[in-house]
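One structure below.
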Amino acid sequence: MINFENVIKRYSDGHEALNDVSFSIPRGEMAFLTGHSGAGKSTLLKLIMLMERSTSGQITVGEQDLSRIPKRQIPYFRRHIGVVFQNHRLLLDRTVFDNVALPLEIAGLNPRDIGRRVRAALDKVGLLSKEKLTPIQLSGGEQQRVGIARAVVNKPPLLLADEPTGNLDPELSEEIMKLFAEFNQVGVTVLIASHDLALIHHMHYRVIELSKGNLLESNGFASAGKSTADQPERSHING
Amino acid sequence: MVETPRSSGARSANPPNAVNNYFNHHTKVAKATLRAQLKTPFSTFFTCAVIGIALVLPTLLSVLLSNIQSVNQGWDGSAQITLILKQGVPSLDGGVLADTIAKKQSIKSSKFIDNETALNSFKTHFEFADAIEYLDENPLPHVILVRPDKSLNKIEHIEQLKESLVKYPEVDSAMLDVAWVQRLQSITDLLERAVWLIAGMLSLAVVLVLGNTIRLAIENKKEEIIVIKLVGGTNAFVQRPFLYMGIFLGFGASLFAWFLIHWVLYMLNTPIEALAQSYQSTFSLSGLGFESTLFLLILGMGLGWFSSWLAVRKHLGDIEPT
């Protein structure tokens with residue numbers, strides 16, 4: 390589903406966020422992306438989302454070479470990826486229902502289908518009764534679950550999350566992670582950036598570790614940052 | 164990229180449905196935008212008022228212009244040709260000629276004035292009556308005053324008529340009193356040009372004011388725009404509410420301008436009627452007709468759409484998720 394080959398990302402100020410990173414996440418897998426802050430986790434997710442373009446190397450997502458996607462096609466590409474943010478990024482002046490409905494409205498569904506799908510997604514995250522409230526009226530954990538509902542309402546084959554439990558206490562964090570695992574069980578590929586190591590090790594999923602822009606470890610199998618082209622193969626098998 | 168059964172809803176739906184959904188979406192965005200505007204009635208009103216006032220001046224000028232043009236057209240006999248008859252032509256012949264001319268096409272009236280009448284008129288109207296007493300004989304010629312029909316509203320046509328009248332053997336020369344017609348025409352030409360210039364400049368002002376309003380609205384919605392772009396919203400989707408906002412503000416401004424113009428005309432009408440009465444006329448100002456009202460509305464909405472389109476084009480590209 391996701392394939393990085395010798396990806397380098399250098400910002401215009403010379404800062405090298407990713408240094409020759411190669412890995413692969415097969416369809417249907419769930420993996421964690423860890424590393425201290427500034428290790429390049431966010432950059433990696435941004436590259437997948439096409440919020441940034443790589444300086445060199447090849448990234449493919451769902452068989453699509455990202456360097457071949459022109460700017461005006463980016464919105465259509467993003468519709469196939471669900472994203473959950475640390476600060477949930479909900480629109481505070483809209484109801485829970487409208488927040489979750491946003492991706493479907495963008496995709497141009499009719500109101501009847503939108504209502505059906507939004508309620509299904511809210512039901513999945515256990516917030517069906519709160520559709521008429523605004524995000525401010527919800528607790529932190531509930532807000533994050535609304536964010537997840539919005540990410541999955543479109544039934545994307547790939548789900549990304551950037552520190553989804555960053556603002557939550559351990560109990561709520563585990564709940565949220567379990568929710569991700571449930572989506573993974575129905576076939577969604579999931580990649581979660583997180584530095585909540587205790588929780589990650591508790592969950593027994595593959596771990597991709599970044600350090601200063603280098604790929605340090607993929608599921609405990611050491612892989613040097615300066616990896617070779619065969620590295621994705623290895624991580625593929627390991628995953 | 165992904166071959167999941169759901170894929171994107173709009174494209175997998177059958178065409179009439181997709182079109183339907185598209186219009187549904189537009190209606191929804193339009194309604195939501197209108198509701199948001201009405202939620203802040205004061206700022207919406209003031210924006211509309213500012214733009215409306217900018218629309219008033221050119222519209223008002225064009226209304227006054229069309230009123231002047233209607234004065235021009237409605238003038239009783241837009242020009243007058245004075246035929247001066249040769250010395251020695253008997254007044255009886257002059258009267259017959261006047262009748263002959265009156266029967267011609269495109270002549271409204273033709274009036275013979277013999278030299279005695281003219282002299283008497285001189286004596287009563289002017290101070291030098293005494294001086295005229297000293298004259299041995301009447302120095303004035305007979306004249307025929309010819310007024311062309313209204314259908315002859317072009318100066319060239321009146322000139323042609325004059326040339327044809329000079330050909331009568333009794334006629335010595337002819338004078339065409341067109342100076343005031345030409346003067347009025349050049350005044351209206353000048354005004355027309357001024358209207359266009361002022362309209363152009365004020366339209367620019369409208370675009371700037373509205374553009375700035377929309378720019379602020381974009382700034383306020385920055386977070387929302389970023390989120391929409393992150394979940395796959397196209398630029399067209401993002402800019403739609405702003406375009407509707409521009410159209411609605413333009414509409415409100417046109418409405419405001421319409422009322423203001425009628426108020427101004429109402430205020431001007433009393434003195435203008437008094438003025439017209441002093442010329443024995445019943446002229447009064449006419450307001451915006453149906454067509455002008457429609458034009459004003461379309462102009463306002465068009466300018467609104469155009470300014471927000473410009474603002475959106477300039478500022479939306481800068482807002483990208485980072």
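For the record, the sequence lines run as chains W and L. Mapping the first sequence onto the working numbering, position 63 (from 1) lands on 452, and the numbers just tick up by one. Mapping the second sequence onto the working numbering, position 147 (from 1) lands on 310, and the numbers just tick up by one. All residues carry an ideal CB built from backbone N, CA and C; glycine is no exception. Just so we're clear, the structure is a prediction, and the values are computed from it rather than from any experiment.
Taking the beta carbon of residue i as the centre, do at least 16 other beta carbons fall within 10 Å, making it buried, or is it exposed?
{"i": "Tyr429 of chain L", "result": "exposed"}
{"i": "Ser175 of chain L", "result": "Because the pLDDT of Ser175 of chain L is 45, which lies under 50, any placement of that residue in the model is unreliable, and the number read from its coordinates should be weighed accordingly. Ser175 of chain L comes out exposed."}
{"i": "Gly403 of chain W", "result": "exposed"}
{"i": "Arg461 of chain W", "result": "exposed"}
{"i": "Tyr594 of chain W", "result": "buried"}
{"i": "Lys317 of chain L", "result": "exposed"}
{"i": "Asp239 of chain L", "result": "Its pLDDT being 49, under 50, Asp239 of chain L is placed unreliably by the model, and the measurement read from it follows with that caveat. It is exposed - the Cβ of Asp239 of chain L has fewer than 16 other Cβ atoms within 10 Å."}
{"i": "Leu438 of chain L", "result": "exposed"}
{"i": "Ile437 of chain W", "result": "buried"}
{"i": "Arg534 of chain W", "result": "buried"}
{"i": "Pro464 of chain W", "result": "buried"}
{"i": "Glu300 of chain L", "result": "exposed"}
{"i": "Leu548 of chain W", "result": "buried"}
{"i": "Gln323 of chain L", "result": "exposed"}
{"i": "Tyr407 of chain L", "result": "buried"}
{"i": "Ser470 of chain L", "result": "buried"}
{"i": "Asp382 of chain W", "result": "Past the edges of chain W, shown from 390 to 628, lies residue 382 of chain W, and the structure says nothing about it."}
Between residue i and residue j, how many whole angstroms is the CB-CB distance? I'm expecting something under 8 Å.
{"i": "Ala540 of chain W", "j": "Val485 of chain W", "result": "In fact, because the Cβ distance is near 14 Å, the residues do not count as touching under 8 Å."}
{"i": "Leu303 of chain L", "j": "Ala281 of chain L", "result": "5 Å"}
{"i": "Phe393 of chain W", "j": "Val410 of chain W", "result": "5 Å"}
{"i": "Ala261 of chain L", "j": "Ile307 of chain L", "result": "5 Å"}
{"i": "Ala582 of chain W", "j": "Leu434 of chain W", "result": "6 Å"}
{"i": "Lys249 of chain L", "j": "Glu333 of chain L", "result": "6 Å"}
{"i": "Leu365 of chain L", "j": "Pro221 of chain L", "result": "6 Å"}
{"i": "Ile475 of chain L", "j": "Phe411 of chain L", "result": "For clarity, residue 475 of chain L is Val in the given sequence; the question names Ile instead. About 15 Å; that fails the 8 Å criterion."}
{"i": "Leu439 of chain W", "j": "Phe466 of chain W", "result": "6 Å"}
Please state whether DSSP places residue i in a helix, a strand or coil.
{"i": "Ala428 of chain W", "result": "coil"}
{"i": "Ala242 of chain L", "result": "coil"}
{"i": "Asn408 of chain W", "result": "strand"}
{"i": "Gly471 of chain W", "result": "strand"}
{"i": "Met164 of chain L", "result": "Residue placement at Met164 of chain L is poorly supported in this model, since its pLDDT is 44, which falls under 50; the coordinates still yield a value, given next. Three-state result, Met164 of chain L: coil."}
{"i": "Phe329 of chain L", "result": "In the sequence under discussion, the amino acid at residue 329 of chain L is Val, which differs from the Phe named in the question. It is helical."}
{"i": "Thr263 of chain L", "result": "helix"}
{"i": "Lys601 of chain W", "result": "coil"}
{"i": "Pro304 of chain L", "result": "coil"}
{"i": "Arg623 of chain W", "result": "In this prediction, Arg623 of chain W scores a pLDDT of 37, lower than 50, which makes its location untrustworthy; no coordinate-derived value is stated."}
{"i": "Leu448 of chain L", "result": "coil"}
{"i": "Arg354 of chain W", "result": "Here chain W comprises residues numbered 390 to 628, so residue 354 of chain W is not present and cannot be evaluated."}
{"i": "Met338 of chain L", "result": "strand"}
{"i": "Lys392 of chain L", "result": "helix"}
{"i": "Thr397 of chain L", "result": "coil"}
{"i": "Asn392 of chain W", "result": "strand"}
{"i": "Pro311 of chain L", "result": "strand"}
{"i": "Gln453 of chain W", "result": "strand"}
{"i": "Gln532 of chain W", "result": "helix"}
Please name the residue, chosen from the options, that lies closest to residue i on a Cα-to-Cα basis.
{"i": "Val505 of chain W", "options": "W:Pro415, W:Leu516, W:Val542 and W:Glu563", "result": "Note on residue identity: the sequence assigns Arg, not Val, to residue 505 of chain W. It is W:Val542."}
{"i": "Val401 of chain L", "options": "L:Glu386, L:Lys266 and L:Phe414", "result": "L:Glu386"}
{"i": "Thr190 of chain L", "options": "L:Ser229, L:Gly409 and L:Arg403", "result": "L:Arg403"}
{"i": "Arg468 of chain W", "options": "L:Val309, L:Leu347, L:Leu260 and L:Gly395", "result": "L:Gly395"}
{"i": "Ser272 of chain L", "options": "L:Gly258, L:Leu220 and L:Trp468", "result": "L:Gly258"}
{"i": "Leu423 of chain L", "options": "L:Leu406, L:Arg356, L:Leu201 and L:Thr456", "result": "L:Thr456"}
{"i": "Arg478 of chain W", "options": "W:Ala570, W:Phe412, W:Pro553 and W:Leu599", "result": "W:Pro553"}
{"i": "Ala195 of chain L", "options": "W:Leu522, W:Asp487, W:Gln574 and W:Lys513", "result": "W:Asp487"}
{"i": "His591 of chain W", "options": "W:Ser413, W:Ile391 and W:Lys567", "result": "W:Lys567"}
{"i": "Ala490 of chain W", "options": "W:Ala509, W:Leu549 and W:Leu527", "result": "W:Ala509"}
{"i": "Glu454 of chain L", "options": "L:Leu448, L:Leu462 and L:Ser447", "result": "L:Leu462"}
{"i": "His188 of chain L", "options": "W:Lys601, W:Gly576 and W:Ile495", "result": "W:Ile495"}
{"i": "Val219 of chain L", "options": "L:Leu473, L:Gly363 and L:Ala399", "result": "L:Gly363"}
{"i": "Ser401 of chain W", "options": "W:Phe412, W:Thr423, W:Thr444 and W:Ser426", "result": "W:Thr444"}
Give the interface partners of residue i over in chain L, defined as CB-CB distance under 8 Å, in chain order.
{"i": "Val472 of chain W", "result": "Leu393 and Val394"}
Run down chain L in chain order and give the residues with a C-beta less than 7 Å from the C-beta of residue i.
{"i": "Glu494 of chain W", "result": "His188"}
{"i": "Pro500 of chain W", "result": "Asn187"}
{"i": "Leu548 of chain W", "result": "By Cβ distance, chain L contributes nothing, its closest Cβ being about 12 Å from Leu548 of chain W, past 7 Å."}
What does residue i touch in chain W if you count any residue whose Cβ is under 9 Å from its own?
{"i": "Glu387 of chain L", "result": "Leu480, Asp482 and Arg483"}
Taking Cβ-Cβ distances shorter than 7 Å, what residues in chain W pair up with residue i?
{"i": "Pro484 of chain L", "result": "Met440"}
{"i": "Thr397 of chain L", "result": "Pro464"}
{"i": "Phe400 of chain L", "result": "Ile495"}
{"i": "Val390 of chain L", "result": "Arg478 and Leu480"}
Which residues in chain L have a C-beta closer than 9 Å to the C-beta of residue i? List them in chain order.
{"i": "Arg508 of chain W", "result": "Per Cβ cutoff of 9 Å: no residues; Arg508 of chain W is ~16 Å from chain L at best."}
{"i": "Leu491 of chain W", "result": "Val390, Ile391, Val394 and Gly396"}
List the residues of chain W whose Cβ lies closer than 8 Å to the Cβ of residue i, in chain order.
{"i": "Phe469 of chain L", "result": "In chain order: nothing, as chain W lies at least about 23 Å away."}
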